[in-house]
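One structure is given here, and the rest of the page talks about it.
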Amino acid sequence: MNAHVPQQLTQAETSLIDAFGERQSLLPGDGEVMVRRDNAVEALKAGLPTKRIESWHYTNLRTLLPAVPGFDPSAAAKAVTPVIEDSTVVSVLNGASTAKFPTLEGVSFARLSDKLTDGSFAPALDLYGADDAIGALNTAFVADGVFVDIADGVELKKPIELQNVQAGGQSHVRLPVRVGKGAKAVIVERQTGEGTALTSSISQLTLDEGAEATWLIVQEQPETASHLAQFKAWIGKDAKLTLFFLNAGGKLVRQEVVVATKGEGADFKLRGVNLLAGDTHTDVTMVLDHAVPHTTSTEVIRNVVTGKARGVFQGRINVHQYAQKTDAKMACNTLLLSDDGEFSTKPELEIFADDVQCGHGATVTEIDHGHLFYLMARGIDEKTARGLLVKAFVAEVIEELEDEQIVETLEGKLDEWFATHG
Amino acid sequence: MLEIKNLHARIAEDGTEIIRGLNLTVNKGEVAAIMGPNGSGKSTLSYILAGREDYEVTEGDILYNGESILEMDPAERAAAGIFLAFQYPMEIPGVATMEFLKVAMNAQRKARGEEPLKVPEFLKLVKEAAASLNMDIAMLKRPLNVGFSGGEKKRAEILQMKLLEPKLCVLDETDSGLDIDALKIVSDGVNALRSPDRAIVVITHYQRLLQHIVPDSVHVLYKGQVIKSGDKSLALDLEANGYAGVIGEAA
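Chains as they are written, first to last, in my numbering: chain A, 5 to 426; chain B, 62 to 312.
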């Protein structure tokens, strides 16, 4: 984190450090787990990252998060209806996982608190780099979450929806998932809640050889919540991951995506939609490591910005020296609907191999007047015509997911957002 | 039905005057052809009728059923029954053609105080119209005009016209990019819409289209004015002798 020790801690920093002192004895895990918690708190004492830290340049966490709400054991978070009908739902409410899990053949669920208590989860708490502020915050306070293991060869017929619901106060959650050899799964990560809240949530996905997963992050926090999230994935040999995220809420949101291809033939697709409104700040930061030869990735992000919203996409692709024949493409397109909205894009390609194909592109546009005229010339009023064009802009990315049920669900989410913000 | 009186208009962005005192009257039931060399203002006239904001009317008026339409936006004009078949229909990625047709038809119905169409009713209308134009219904599941050939785009325009049942149809160079078979199909589609309470304005560079859509009147547009009007024989005269003679006469 920040090497420079600030003169004076902010209210947020002081509250976090004090909260750790108070909660330390209540947190599950000792030994290796506690060592990591202590290190994480040391990092917090150095202050939250400022724009002087390169990876936080567009999101000055120290100023954007001046204060944090306390822990509120009485916050009554309730499970929500899954976005895709018939999903198997597992909820984490106010930071605590349900004690009873559904029965699903070939899938085992466990409370993360048990894995922290027995210490087996300790190595998975390691930070991924010096500037891993979200990892540090989460490691210090994580008390629970859900651990999901999908056995080798299991093909899930229905999605699993992992819900993290926070009704005010603070929570720090982990959602580790393993998809076994040749297994197939659709997983929905639902981030929602109400009230003034701070959540940190880290998903950790391991895809074994030949596994295929579609992971959908649906983030709809209220405009009073700060949401700091990480999605980390390791993609094995010939395994395929499609990650889709929808950010449609939150006052301050940072969604980090940290992915490594670990075996030849690994494929990663990232598709994301940021729907940004009001006086909010949303940052998606991706670090993708092509660590072995013959792996592929494509990233397409579409943003709609209205009101005084600010958005950020940082996409960093590292192609390691021996990762020859890497094929990576990244695009980030923004539709600006207001004069006060803004979106910053920073693509970074670090290529140490010499036989690779890598490209990136970014655009910022307004609604095409020719398109608008065409629609209006058929009798569609201006507001409806604009709505159609905005929806079309993001729907293109959603339709790439192909699965009809998923596409319909996500388009329904778009409609909900446009109904309130369009 | 349509009266254009001493119309002057310019490009809003740079002030270039394109229409310079244009007068034209088209009656109910009439098919009027507007012909003219490149750059005479034909397409500009069609855009101004549809209400495109890129052009500014500086003088004169356009009356539709006796009332000025200059203050109406494109959607209001369309709802009032004015339809422009574009020379270059827009490709709009992400908007499915079917969805677009449904929204457009229902928007116009709503503006007229009618109930929205029920899905089976809507599908039936679209299927019938598509069949009459020899269009594959599968094409309509694709995004609007995206990947359509030139001919397919023109057919899609006529399909929209059939479905929206406008009172004043303006066809801008509908023949461009059509082979002879497609031209026949599109023309038949237009002819089927001829009716005593509908006016059709056919803008074209060539006489070819007018062999299929036979006009009641022909008007020659040059430098933003109608310099000569006549019946269908005027088109044949232009085909045989070019525009030079007519232009010379007017000058």
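The beta carbon of each residue, even a glycine, is placed where N, CA and C say it ideally should be.
Across the structure, Gly157 of chain A and Lys266 of chain A are spaced so that their CA atoms are roughly 19 Å apart. Annotation for Leu274 of chain A: Leu247, Val261, Met290, Glu303 place their beta carbon closer than 7 Å to its own, counting only its chain and skipping 5 residues before and after. Under the rule that a run must span 4 or more residues, no alpha helix (DSSP H) segment is found entirely inside the stretch 144-217 of chain A. When DSSP reads this structure, Gly363 of chain A sits in a beta bridge with A:Lys333. Counting only the Cα atoms, Leu108 of chain A lies some 47 Å from Met166 of chain B. In this structure Ala140 of chain A does not touch Ala16 of chain A by the C-beta definition: roughly 14 Å separates them, more than the 8 Å allowed. Residues of chain A whose Cβ lies closer than 7 Å to the Cβ of Pro154 of chain B are, in chain order, Ala396, Glu400.
Here the stretch 349-357 of chain A does not lie against the stretch 136-144 of chain B, with fewer than 3 beta-carbon pairs under 8 Å apart.
In chain order, Ala94, Met96, Gln268, Leu271, Pro276, Val279 place their CB closer than 8 Å to the CB of Ala296 of chain B, counting only its own chain and leaving out the 5 sequence neighbours on each side. Residues of chain A whose Cβ lies closer than 8 Å to the Cβ of Asp134 of chain B are, in chain order, Met380, Glu386. Among the residues of the stretch 228-261 of chain B, none has a Cβ less than 7 Å away from any Cβ of chain A.
Judged by DSSP secondary structure, Pro297 of chain A falls outside any beta strand (DSSP E); it is assigned neither H nor E.
Listed in chain order, the positions of the stretch 94-113 of chain B with a beta carbon within less than 7 Å of a beta carbon of chain A are Ala111, Arg113.
In this structure, Val247 of chain B places its C-beta atom within 7 Å of the C-beta atom of Lys215 of chain B. In this structure, the straight-line span from the alpha carbon of Thr119 of chain B to that of Asn84 of chain B is close to 14 Å. At least one beta carbon of chain B lies nearer than 7 Å to the beta carbon of His375 of chain A. Going by DSSP, Glu386 of chain A is part of the alpha helix (DSSP H) stretching over 386-403. Exposed is the label assigned to Asn67 of chain B, since fewer than 16 other Cβ atoms lie within 10 Å of its Cβ. Residue pairing by DSSP puts Trp238 of chain A in a beta bridge opposite A:Thr210, A:Ala264. Within 10 angstroms of the beta-carbon of Thr369 of chain A lie fewer than 16 other beta-carbons, which makes it exposed. In this structure, Leu376 of chain A lies near Ala389 of chain A, with their beta-carbon atoms less than 7 Å apart. Under the 7 Å criterion on CB atoms, Met151 of chain B is classed as interfacial with respect to chain A. With a cut-off of 8 Å on Cβ pairs, the stretch 169-176 of chain A is not in contact with the stretch 119-129 of chain A, counting fewer than three such pairs. Under DSSP, Asp122 of chain B takes part in a beta bridge, and its partners are B:Lys66.
The stretch 379-386 of chain A makes no contact with the stretch 394-411 of chain A; the number of CB pairs closer than 8 Å stays below 3. By the 16-neighbour rule on beta-carbons within 10 angstroms, Glu114 of chain B is exposed.
In summary, Val180 of chain B is exposed, with fewer than 16 beta-carbon neighbours lying within 10 Å of its beta-carbon over all protein chains present. Chain order gives the chain B residues near Leu392 of chain A as Ile153, Gly155, Val156, Glu160, Phe161, Val164, where near means a beta carbon separation below 9 Å. Look at Asp258 of chain B here: in three-state DSSP terms it is coil, with no helix or strand label.
Between His273 of chain B and Ile261 of chain B, the alpha-carbon positions lie close to 14 Å from each other.
The beta-carbon of Gly383 of chain A is placed less than 7 Å from the nearest beta-carbon of chain B. Judged by DSSP in its simplified three-state form, Pro351 of chain A adopts strand. DSSP lists A:Leu339 as the bridge partner or partners of Thr369 of chain A. The beta carbon of Gln272 of chain B does not come within 7 Å of any beta carbon belonging to chain A, so the residue lies off that interface.
The C-beta distance from Asn98 of chain A to Ala79 of chain A rounds to 5 Å, short enough to fall under 8 Å. For Val251 of chain B, the three-state secondary structure derived from DSSP is helix.
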